[in-house]
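Have a look at the structure below before the remarks.
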Amino acid sequence: MANHTSAIKSIRKNKSNQVRNRYKYKSARTIAKKLRNAITIAIQKGKFEESLQTQYRVLISKFDKLAKKKIIHKNKASNLKSKMAQTIVSLLAHSSNGKDIRFSS
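1 is the number of the first residue of the sequence shown in full-length UniProt numbering; add one for each residue after it.
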């Protein structure tokens with residue numbers, strides 16, 4: 001156990017930050033899971049929905065914020081965004097309406 005008051009405070013602070021960071025990352029993963037489920041449903045239906053685009057943009061924003069606050073590494077955020085974009089692009093390739101959509105991050 002730490003002896004100095006500053007060390008005790010930093011232990012408390014680190015613990016609360018860890019809980020907060022874990023919550024933020026878990027919420028981003030939940031959004032990604034919901035988006036993946038929506039993508040599989042859209043593939044089964046064979047059509048693209050505009051809600052996927054808005055969900056994707058929310059997810060991109062979450063990952064960027066996590067990387068900015070150094071909760072996750074910036075390369076990991078980039079890889080996660082890229083993987084999700086690839087799945088959506090593959091959905092567009094399989095969709096019947098064939099809309100062209102641009103993703104801006």
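All C-beta atoms in this analysis are idealised placements derived from N, C-alpha and C, irrespective of residue type, glycine included.
- Nearest C-alpha to L52 among K65, L35, L66: L35.
- The residues N21, K24, Y25, in chain order, have a CB closer than 8 Å to that of I71 in the same chain once the five nearest residues on each side in sequence are set aside.
- Straight through space, the alpha carbons of H4 and L91 are spaced by roughly 57 Å.
- With 16 or more other Cβ atoms inside 10 Å of its own Cβ, I39 counts as buried.
- The alpha-carbon of N75 is positioned some 16 Å away from that of Q86.
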